[in-house]
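First up is the structure itself, then whatever we jot down about it.
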């Protein structure tokens, strides 16, 4: 995949998303700056439509389908945010969506996807592969597959998050992005490097779901099955065939954070900045507050989403803050 053409695809995706996706705010906090010793700028995709960055990639992909393909309907697999995004975009573009979700998916994310009109098919995470279940459904019903991250249009759409961030704060020294399957991180890296080659891009994932970090450092694709992390958006088994090489080429480093650090970041964002952020969305802030990433200069952090359910909220806020 050509890097220059993919950056151009990010630029085109911004045009396609104009008037459809929200241009989300970039927020700052004097307290966060004091805690980290840096100037931190949070790109808040928790204020995006359906509550996460995933709307961007889903809209960029589904809007490019032909009328005939939209008529066939789409199928996707997701633990939550991609499910909601595909469901909402399908409603907006008047196509039907079937979403394959794990049987332990967040209740609020499943209900939201259903509320947008999607048909939900669950699978047993211990016995079945979501990719296989979705592929079988696509073949059986003739639907178009919209994968959660390993797709050029998805990656380009997600890259528009960082493109907006570097427009708002053009002289950033570093950008931190959460990493699950790598769609957001690879799109971020392409967008940032295309605008400011001197800005470092660092991916952050949970310590117990460190497949991308191990893949990055060994240069060999690693996997982790059903990692026990509270950050459900980062439970993806591995990077993709497209996202892995993009990350190797454009990302400067990968870091991991503990479960305690993730929870503390969620609490910090809520109590100090009055932001509702899901655990996956707080990974970058967790890296800064825990010292996993050395903070210096001007740092952009992508807050990827805010879809957190009551059970997870109670678990996090019921613990004693460290």
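Residue numbers (the numbering used here): 18 to 339. Idealized CB from N, CA, C, for every residue including glycine.
Inter-residue Cα distance where the pair is residue i and residue j
{"i": "residue 83", "j": "residue 89", "result": "10 Å"}
{"i": "residue 293", "j": "residue 313", "result": "26 Å"}
{"i": "residue 37", "j": "residue 120", "result": "31 Å"}
{"i": "residue 233", "j": "residue 265", "result": "6 Å"}
{"i": "residue 299", "j": "residue 290", "result": "12 Å"}
{"i": "residue 166", "j": "residue 50", "result": "32 Å"}
{"i": "residue 34", "j": "residue 73", "result": "7 Å"}
{"i": "residue 321", "j": "residue 156", "result": "32 Å"}
{"i": "residue 173", "j": "residue 188", "result": "22 Å"}
{"i": "residue 97", "j": "residue 329", "result": "14 Å"}
{"i": "residue 158", "j": "residue 95", "result": "19 Å"}
{"i": "residue 141", "j": "residue 118", "result": "9 Å"}
{"i": "residue 285", "j": "residue 32", "result": "35 Å"}
{"i": "residue 80", "j": "residue 335", "result": "42 Å"}
{"i": "residue 214", "j": "residue 28", "result": "16 Å"}
{"i": "residue 139", "j": "residue 146", "result": "11 Å"}
{"i": "residue 175", "j": "residue 144", "result": "31 Å"}
{"i": "residue 39", "j": "residue 196", "result": "22 Å"}
Sequence-distant residues of its chain with Cβ nearer than 6 Å to residue i (five each side left out)
{"i": "residue 24", "result": "207 and 211"}
{"i": "residue 75", "result": "102, 103 and 106"}
{"i": "residue 41", "result": "61, 62, 64 and 65"}
{"i": "residue 241", "result": "226 and 228"}
{"i": "residue 263", "result": "203"}
{"i": "residue 191", "result": "217 and 316"}
{"i": "residue 26", "result": "173"}
{"i": "residue 332", "result": "none"}
DSSP state of residue i mapped onto helix, strand, coil
{"i": "residue 339", "result": "With a pLDDT of only 46 at residue 339, under 50, the local geometry of the prediction cannot be trusted, and the value read off the model is given with reservation. Of the three classes helix, strand and coil, the one that applies to residue 339 here is coil, per DSSP."}
{"i": "residue 42", "result": "coil"}
{"i": "residue 184", "result": "helix"}
{"i": "residue 217", "result": "strand"}
{"i": "residue 166", "result": "coil"}
{"i": "residue 56", "result": "strand"}
{"i": "residue 228", "result": "helix"}
{"i": "residue 223", "result": "strand"}
{"i": "residue 93", "result": "strand"}
{"i": "residue 331", "result": "helix"}
{"i": "residue 125", "result": "helix"}
{"i": "residue 303", "result": "helix"}
{"i": "residue 3", "result": "Since the first and last residues shown for the chain are 18 and 339, residue 3 lies out of range."}
Selection from the options that minimises the alpha carbon distance to residue i
{"i": "residue 268", "options": "284, 57, 318 and 219", "result": "219"}
{"i": "residue 318", "options": "197, 221, 115 and 163", "result": "221"}
{"i": "residue 250", "options": "332, 117 and 99", "result": "99"}
{"i": "residue 57", "options": "182, 209, 142 and 199", "result": "182"}
{"i": "residue 128", "options": "67, 170, 184 and 158", "result": "67"}
{"i": "residue 113", "options": "162, 175, 256 and 280", "result": "162"}
{"i": "residue 130", "options": "142, 143, 115 and 193", "result": "115"}
{"i": "residue 110", "options": "331, 192 and 78", "result": "78"}
{"i": "residue 198", "options": "53, 238 and 139", "result": "238"}
{"i": "residue 55", "options": "336, 286 and 310", "result": "310"}
{"i": "residue 70", "options": "205, 215 and 247", "result": "205"}
{"i": "residue 184", "options": "195, 209 and 193", "result": "209"}
{"i": "residue 85", "options": "138, 29 and 160", "result": "160"}
{"i": "residue 230", "options": "213, 270, 123 and 254", "result": "270"}
{"i": "residue 297", "options": "308, 287, 279 and 288", "result": "279"}
{"i": "residue 236", "options": "261, 246 and 223", "result": "261"}
Beta-carbon proximity list for residue i, same chain, < 7 Å, skipping 5 on both sides
{"i": "residue 282", "result": "299, 302, 303 and 306"}
{"i": "residue 257", "result": "166, 167, 198 and 199"}
{"i": "residue 122", "result": "96 and 97"}
Residues near residue i by beta carbon distance below 8 Å, same chain, minus five either side
{"i": "residue 92", "result": "114, 115, 116, 117, 151, 154, 155, 158, 160, 161, 162 and 163"}
Q.
Counting beta carbon pairs with one atom in the segment 129-141 and one in the segment 98-105, are three or more of them shorter than 8 Å?
A. yes
**Request:** Could you tell me whether the segment 37-46 touches the segment 301-309, using the rule of 3 or more Cβ pairs below 8 Å?
**Result:** As far as the Cβ criterion goes, the segment 37-46 does not touch the segment 301-309, which means the pair count is below three.
Across the segment 272-288 and the segment 137-153, are there enough close Cβ pairs to call them in contact, namely three or more that are closer than 8 Å?
no
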